[in-house]
Each structure stands twice: as C-alpha cells, then as structure tokens.
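Working notes, beginning with the structure itself.
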Amino acid sequence: MTTAPETTLTTRTSSLTVRPDLGARLSSLRVGEYELLRPGDHYGSFPMAPFCGRTRDGRFTNGGTIHQLPLNDDPNAIHGTARDHQWATAPAPESEDGRPTAAFTYDLAEPWPYTGRVTQLMELGEDALTLRMGIETYGDSFPGQVGWHPWFRRNLGKGGEDVRIAFQPGWQEERGADHLPTGRRIDPLPGPWDDCFGMPDGVTVLLTWPGELELTVTSAEKWVVVYDEQADWVCVEPQTGPPNGLNSQPRLITPIEPLEASTTWSWRLL
C-alpha cells in the first residue's frame with residue numbers, strides 16, 4: 019500500500035478529491051459547476067472513527083477498564099482520532115457498473131488504546147457518492163463508532179438562495195448545557211441546531227439549494243447530527259450512534275464482528 023498527497027475520482031459530471039494525508043477527508047466534491055464542500059485542511063468531509071461527536075470528559079469504559087482520551091474539545095474528546103492521521107491508499111475493489119472507486123486504511127494507534135484497522139471505501143457516480151467505513155480489531159474487543167462529518171456550503175456561490183434542510187426525525191436527543199445528550203428523547207425542536215436526531219427507519223436528509231441542486235444524504239444507520247449554527251456552512255452527519263455513544267450506546271467490535279456502516283449522497287441538478 020502507498021500514500022499519495024491526494025486521489026481524484028472523476029465521472030462525466032462529477033469529481034471527488036480525497037486527501038489520505040489529511041485523515042482521508044474529502045477535500046472537494048464537484049457536481050457540474052458547483053463545489054459542495056467547505057475548503058480547508060480541517061474541513062471538507064472527514065471520517066469520524068473510532069468514535070463520533072463528543073465523548074464526555076474524554077472517558078469511556080470497556081468492561082471494568084476506564085480509558086482517558088486527549089481533551090481536544092475541552093472538557094471533552096471529539097470526532098475520533100482517525101481524522102488526525104495519515105491513511106494509506108489501498109487497492110480498491112471494482113464496482114459492478116464501472117464507477118470509479120478508491121480505498122484507504124488507517125491502523126489505530128495512540129491515543130486510542132486498542133489496535134485495529136479502519137477502512138474507508140468510496141464509489142463515485144454521475145448522480146451519487148457512496149461511502150463505506152468499517153473497523154476491525156487486531157486483538158481485544160472494544161466499543162466503537164463510525165460516521166461522516168461533511169461541511170456543506172450554505173450557498174453555492176452562483177447567485178442562488180441558501181440551502182434548505184428537510185428531514186423527519188423520530189426524536190431529538192435532548193442537549194444539555196455541555197452540548198451532550200442528557201439521555202432524554204424529546205420532540206424535534208426548530209433550528210438552528212447542533213443536535214443529534216434519531217431516525218429509526220434510517221437517515222434521510224434533503225438539502226435543497228433552490229433552482230440549483232438537491233442533495234439527499236441517506237444511511238441505514240438511525241442517528242444523524244445536524245449542525246447549522248454557522249453563517250456559511252451546514253453539516254449533516256450520519257453515524258452509528260449518538261454523541262457520547264461510547265458510554266451510552268456502545269457498539270462492540272470483536273474479532274468475529276467488525277463495525278460497518280455506509281452513507282450515500284445522491285443529487286440532481288434543478
């Protein structure tokens with residue numbers, strides 16, 4: 019396996035650029051004349067692994083063992099460790115219909131206390147991007163999460179209107195003063211949001227830039243964080259559990275049961 023500064027996938031109408039040296043983040047997604055993602059080394063769209071969102075006080079337990087993670091969102095740990103490291107470019111499986119694909123891997127290391135591998139696969143089409151991610155362990159079982167954190171442009175910069183976000187969650191995780199779920203489920207509140215929502219039939223969120231483009235984010239997972247408190251950017255983050263999920267909704271990764279998830283972003287020009 020090798021590591022290159024960037025990998026680009028292209029179709030007749032779309033292009034995707036990935037930076038394995040920057041945590042295998044998507045640095046660009048272009049559809050026609052539109053760039054959809056926020057530029058910058060810390061933005062684009064990055065994978066969240068082996069946990070998503072904030073972990074309270076950076077602590078989680080595995081059985082009777084308490085682990086302490088660095089507090090990179092004081093007083094919490096946030097968004098996993100995989101985004102902060104270089105990934106390796108791996109051979110990508112061919113798609114059934116000839117769509118361009120790419121694959122990247124990251125071997126878990128300090129400060130995460132367990133060994134394992136994170137794998138991310140990407141498949142780009144004329145009207146959709148599918149992302150798949152999984153974690154396997156090299157030894158002991160441990161709790162984990164995976165998810166994606168895209169920064170979408172609020173305005174596509176071509177003179178059109180700002181994006182509109184539409185979704186129908188089953189509930190909202192009540193957010194405490196520390197921005198972490200309290201454990202209570204409440205009826206969804208109007209935005210702006212920095213909140214986690216439950217969608218028991220799977221994530222479906224529609225982003226519409228009127229007269230320009232529609233983008234639908236889907237996933238079989240039932241959790242999504244929506245963040246639209248900034249003036250120029252919005253985030254729609256499908257993930258395998260809520261923030262602080264290492265403690266409240268742990269998904270155990272074992273030698274015979276990896277953690278796997280996927281999301282598809284499909285679009286159409288208006």
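Quick note: the sequence shown uses our numbering, first residue 19, plus one each step.
Built from N, CA and C at the ideal position, the CB exists for glycine as well.
For clarity, every value in this text was computed on a predicted model and none was experimentally measured.
Would you kindly work out how many angstroms separate the C-alpha atoms of Gly259 and Leu126, rounded to a whole number?
20 Å
Output the boundary residues of the beta strand (DSSP E) element that contains Ser266.
It is not in any beta strand (DSSP E) - Ser266 instead sits in the alpha helix (DSSP H) that spans 263–266.
Taking C-beta to C-beta, are Leu142 and Leu54 nearer than 8 Å?
no
Does Leu287 pass the burial test, meaning 16 or more other C-beta atoms within 10 Å, or should it be called exposed?
exposed
Name the DSSP beta bridge partners of Ser63, please?
Leu44, Pro168
Cβ of Thr31 within 8 Å of Cβ of Gly50?
yes
Report yes or no: do three or more beta-carbon pairs, one from the stretch 176–188 and one from the stretch 214–221, lie closer than 8 Å?
yes
Kindly indicate which three-state DSSP category Ala108 falls into: helix, strand or coil?
strand
For Trp166, I'd like the list of residues in its chain whose CB is within less than 8 Å of its CB, leaving aside the five on either flank, ordered along the chain.
Ser63, Phe64, Pro65, Met66, Leu149, Met151, Glu255, Pro256, Gln257, Thr281
My output table needs one value for Ala121: the three-state DSSP class, helix, strand or coil.
strand
With DSSP as the reference, identify every bridge partner of Asp180, one or two as the case may be.
Paired residue(s): none; Asp180 is not in a bridge.
Do you know whose CA, among Thr155, Gly229, Asn94, Leu198, lies nearest Thr137's CA?
Thr155
Does the pairing of the stretch 82–97 with the stretch 106–115 give three or more beta-carbon distances under 8 Å?
no
Using 7 Å as the cut-off, classify the Cβ of Arg202 as near or not near the heavy atoms of the ligand PLP, replying yes or no.
This structure lacks the ligand PLP, and indeed carries no ligand of any kind.
Residue burial classification, Thr238 (beta-carbon count within 10 angstroms, cutoff 16)
Reading off the sequence shown, one finds Ala at residue 238, where the question assumed Thr. Under this definition Ala238 is an exposed residue.
Name the residue from Leu231, Pro93, Asn265 whose alpha carbon lies nearest to the alpha carbon of Lys176.
Leu231
Pairwise C-alpha distance: Asn262 and Pro161
11 Å
With a threshold of 8 Å on Cβ separation, who are the neighbours of Pro210 within its own chain once the five nearest residues in sequence on each side are excluded?
Asp246, Glu247
Between which two residues does the beta strand (DSSP E) holding Arg269 run?
269–271
Inter-residue Cα distance where the pair is Arg48 and Val252
17 Å
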